[in-house]
Ligand code: ADP
C-alpha cells in the first residue's frame, strides 16, 4: 500500500501532466495545430523524464552523497534514495569497524588463526599463524594451504568433512618443534584453522617418559639381587625347622619382590610402546595362530579351571606390529582368566565385517560397575585395589592395551555389567585387515 506521502506526490505529478497537456492544447488552438502542439508537449515531458533518469543513474554510480535537484516526482525519488544511501554508508562503516576489531583481537591471539575458503585457499591469517606456519603476506593469501604445509597427513586431515579433530605435525620452520592443528568448520564450507605450538608440552612429556623408563631400569638391577637372595632364603626355609619363624615373612617378601618386578617390567614395556611403538616395523600378523598359541599357554599355566572357547575366522590377518598386538591379546586374555573365578567361561573371538576386524574376549566373571569403565585404561587404575585377584596385577595392563591399539588406529570397547561378566572388544579399521589371498 503506498503511503500518504507517495499518493500526494503522484497526485501532484498527475496534475502537472494534465496542466502541461492542457497548456499545449491551448497553444495548439491558438496557432491552429492542436495535434502537433500536444505531441510536442508530450515529447518535452518525456525528454525531461529522460534527463532526470540519466542524472539519477550517474548519481547512483558515483561516490557523491549530495543528490542533484529534481523536479516533481524526481525530487521525492532523490530524497528517498539519498536517505537510503546514507543509511547504507553508516551500516558499511559499522561493519568495517566490527571486522577491524575482530581482526585486531585475533591478531593479538597467541594461537595462530587461518581463515580458509571452501577450496582450502587462505583468506586471512594472523601474526601468530605467520610465525608458526611460516606464512607470508601477501604472497600466501589466496594460495591453497595444502600446497604450503606439506605434511603427509595434512591434506587428508583438511579434506575430512567431519567436525573438529586435531592433527599434530612437526613445525614447518623447525622439525624438532610440534604444532597442534585444530580445524573448525563454519559458514558455507569455510574453515578456521587454529595452530598452537605444543613443543614445550611434548618435551615435558618426553622428559617424564624418560624419567619413568630410567627409574624403572635403575630399579631393575638392585631388585634382581634382592629377588635372588630371597629365593635362596625361601628354599632354605622351605623345609626343616631352621629359621621356621621366618618362613612366612620370607615367602611374603618373595611374592612382593616378584610383584615389584612385574610392575617394573610393565612400566618399561609401556615406556617402550610410548617411545618407539610407531617406529616399529609393521607386517602381516597371523592373529589366529598368535591367539591360539597364547590360549594354549594360558591353558597350561592356569590349569583346567576355566573353559576357554575360541572362535577364530580362518585366514584373517592384520597389518600391524607383532609385539604390540601380542601384548594386547595376552593382556586381555590374562585379565579374563585372572578376574573370572575358576570354572568360569571365556569366549575368544576374531572376526571381520565391512567395518574392519574385531578381537573380543568375553568372560562370565564378576563384571565391572559402569562408573569405572571410563577410567579403566588409566595407569594404575584398579576397580578394587583390595581385591585378592587384583593383587596379581600391575594396574598397567589396560594402559598398555590402549596405547598399542592407538598405534593401530584401533579402539577398545568395554561392555560390562556387575554379576554378568565383561566383554573387551578391539576394533581394527578395514584398511588393516588382510585376507588370505592378499598374502
Ligand atoms: P591389572 O594389572 O590390575 O589387571 P589392568 O589395567 O589390566 O590392571 O586392569 C585394570 C582393572 O580393570 C583391573 O584392576 C580390574 O579391576 C579390571 N578388569 C580388567 N579386566 C577385567 C575383567 N575381565 N573382569 C573384571 N574386571 C576386569
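In the working numbering, the protein residues as written are 2 to 440.
No residue lacks a Cβ here, since even glycine has one placed at the ideal position from N, Cα and C.
**OP:** With residue 1 as the anchor, note down where its beta strand (DSSP E) starts and where it stops.
**Re:** Nothing in the structure corresponds to residue 1, since the chain is present only between 2 and 440.
**OP:** For residue 83, I'd like the list of residues in its chain whose CB is within less than 7 Å of its CB, leaving aside the five on either flank, ordered along the chain.
**Re:** Reading the chain shown from its first residue, position 82 is the one you call residue 83. Closer than 7 Å at the Cβ level, and outside the excluded window around residue 83, lie 68.
**OP:** Go ahead and pull the three-state DSSP assignment for residue 116.
**Re:** As a working note, residue 116 is residue 115 in the chain shown. Three-state DSSP puts residue 116 in a strand.
**OP:** Say yes only if the C-beta of residue 342 is nearer than 7 Å to one or more non-hydrogen atoms of ligand 1, and no if none qualify.
**Re:** For the purposes of this step, residue 342 is taken as the residue at position 341 of the chain shown. Checking every heavy atom of ligand 1 against the Cβ of residue 342, none is found closer than 7 Å.
Original post:
Taking contact to mean at least 3 C-beta pairs separated by less than 8 Å, is the stretch 11-26 in contact with the stretch 61-77?
Top reply: yes
**OP:** Would you decide whether residue 160 is buried or exposed? Buried here means 16 or more other CB atoms lie within 10 Å of its CB.
**Re:** As a position in the chain shown, residue 160 is number 159, starting the count at 1. It counts as exposed.
**OP:** State buried or exposed for residue 240, treating a residue as buried only when at least 16 other CB atoms are found within 10 Å of its CB.
**Re:** As a working mapping, residue 240 is identified with position 239 in the chain shown. Result: exposed.
Original post:
Is the beta carbon of residue 123 less than 8 Å from the beta carbon of residue 142?
Top reply: For the purposes of this step, residue 123 is taken as the residue at position 122 of the chain shown. For the purposes of this step, residue 142 is taken as the residue at position 141 of the chain shown. Yes.
Original post:
Helix, strand or coil: how does DSSP classify residue 30 here?
Top reply: Here residue 30 corresponds to residue number 29 of the chain shown, with the count starting at 1. Helix.
**OP:** List the endpoints of the continuous alpha helix (DSSP H) containing residue 134.
**Re:** What you label residue 134 is simply residue 133 of the chain shown in a count that begins at 1. Where residue 134 is concerned, the enclosing alpha helix (DSSP H) stretches over 128-134.
Original post:
Relative to ligand 1, is the shortest distance from any of its heavy atoms to the C-beta of residue 367 smaller than 7 Å?
Top reply: Against the chain shown, residue 367 aligns to sequence position 366. Under cutoff, so the answer is yes.
Original post:
Under a Cβ-count criterion, where at least 16 other Cβ atoms within 10 Å of its own Cβ denotes burial, should residue 225 be classed as buried or exposed?
Top reply: Along the chain shown, read from residue 1 onward, the residue named residue 225 stands at position 224. So residue 225 ends up on the exposed side.
Original post:
Any chance the CB of residue 383 is under 7 Å from a heavy atom of ligand 1?
Top reply: Walking along the chain shown from the start, residue 383 turns up at place 382. Under cutoff, so the answer is yes.
**OP:** With DSSP as the reference, label residue 298 as helix, strand or coil.
**Re:** For the purposes of this step, residue 298 is taken as the residue at position 297 of the chain shown. Helix at residue 298.
**OP:** State the CB to CB distance for the pair residue 428 and residue 411, rounded to an integer number of angstroms; the pair is presumed to be in contact (CB under 8 Å).
**Re:** Residue 428 sits at position 427 when you count from the first residue of the chain shown. Residue 411 sits at position 410 when you count from the first residue of the chain shown. Contact holds; Cβ gap of about 6 Å.
Subject >> Residue nearest to residue 462 in terms of C-alpha spacing, selected from 233, 261, 144, 272 >> reply: For residue 462 there is no data in the structure shown, the boundaries of the chain being 2 and 440.
Subject >> Beta-ladder partner(s) of residue 359, from DSSP >> reply: Taking the chain shown and counting its residues from 1, one reaches residue 359 at position 358. Partner(s): 352, 428.
Original post:
Applying the criterion that 16 or more other CB atoms from any shown protein chain within 10 Å of the CB defines a buried residue, is residue 55 buried or exposed?
Top reply: As a position in the chain shown, residue 55 is number 54, starting the count at 1. Exposed: under 16 other Cβ atoms inside 10 Å.
Original post:
Closest by CA to residue 418, which one among 367, 407, 382, 433?
Top reply: Here residue 418 is taken as the residue at index 417 of the chain shown, counted from 1. Measuring from the Cα of residue 418, the nearest candidate turns out to be 367.
Original post:
Can you give, in chain order, each stretch of the beta strand (DSSP E) that sits fully within the stretch 163-203 and has at least 3 residues?
Top reply: 167-171, 179-187, 191-198
Subject >> Buried or exposed (CB count within 10 angstroms, at least 16 for buried), residue 341 >> reply: To locate residue 341, count along the chain shown from 1; it is residue 340. Buried is the call here.
Subject >> Nearest candidate by alpha-carbon position, reference residue 10, set 180, 62, 81 >> reply: Within the chain shown, residue 10 is the residue found at index 9, counting from 1. Here the closest residue by C-alpha is 81.
Original post:
If we call anything under 8 Å between Cβ atoms a contact, is residue 423 one with residue 364?
Top reply: Mapped onto the chain shown, residue 423 falls at position 422. Mapped onto the chain shown, residue 364 falls at position 363. Yes, the Cβ-Cβ distance between residue 423 and residue 364 is below 8 Å.
Subject >> Cβ neighbours of residue 440 in the same chain (closer than 6 Å, five flanking residues each side left out) >> reply: Your numbering for residue 440 matches position 439 in the chain shown. With a pLDDT of only 41 at residue 440, under the threshold of 50, the placement of this residue in the model should not be trusted, and no figure is reported.
Original post:
If you run the structure through DSSP and keep just helix, strand and coil, what is residue 318?
Top reply: The residue you call residue 318 lines up with position 317 of the chain shown. Residue 318: strand per DSSP, three-state reduction.
**OP:** Tell me where the alpha helix (DSSP H) around residue 327 begins and ends.
**Re:** By one-based count along the chain shown, residue 327 stands at place 326. Counting along the chain, the alpha helix (DSSP H) containing residue 327 begins and ends at 323-340.
**OP:** Under the assumption that residue 166 contacts residue 184 (Cβ atoms under 8 Å), give the Cβ distance between them as a whole number of angstroms.
**Re:** As a first step, residue 166 must be located in the chain shown, where it is residue number 165. As a first step, residue 184 must be located in the chain shown, where it is residue number 183. Residue 166 to residue 184, Cβ: 6 Å. Contact.
Original post:
Helix, strand or coil for residue 414 per DSSP?
Top reply: As a position in the chain shown, residue 414 is number 413, starting the count at 1. Residue state, collapsed to three classes: strand.
Subject >> Stretch pair the stretch 261-277 + the stretch 213-231: three plus CB contacts closer than 8 Å >> reply: yes
**OP:** Determine which residues share a DSSP beta bridge with residue 122 and list them.
**Re:** Position 121 of the chain shown, counted from the first residue, corresponds to residue 122. DSSP, once it has assigned bridges, lists 145 as partnering residue 122.
Original post:
Between the beta-carbon of residue 347 and the beta-carbon of residue 329, is there less than 8 Å?
Top reply: Counting from one through the chain shown, the residue named residue 347 turns up at place 346. Counting from one through the chain shown, the residue named residue 329 turns up at place 328. Not a contact, by the Cβ cut-off of 8 Å.
Subject >> Segment limits, alpha helix (DSSP H) that includes residue 265 >> reply: Locating residue 265 in the chain shown gives position 264, counting from the first residue. Residues 248-277.
**OP:** Assign residue 107 to one of two classes, buried (16 or more other C-beta atoms within 10 Å of its C-beta) or exposed (fewer than that).
**Re:** Here residue 107 corresponds to residue number 106 of the chain shown, with the count starting at 1. Result: buried.
**OP:** Give every residue of the same chain whose Cβ lies closer than 7 Å to the Cβ of residue 86, excluding the five residues on either side of it in the sequence, and list them in chain order.
**Re:** What you label residue 86 is simply residue 85 of the chain shown in a count that begins at 1. Closer than 7 Å at Cβ, skipping near neighbours: 66.
Original post:
Under the DSSP definition of a beta bridge, which residues are partnered with residue 308?
Top reply: The sequence position of residue 308 within the chain shown is 307, counting from 1. For residue 308, which the question treats as bridged, DSSP gives the partners 346.
Original post:
Can you give the Cα-Cα distance for residue 357 and residue 383, rounded to whole angstroms?
Top reply: The sequence position of residue 357 within the chain shown is 356, counting from 1. The sequence position of residue 383 within the chain shown is 382, counting from 1. Rounded to whole angstroms, residue 357 to residue 383 spans 30 Å at the Cα level.
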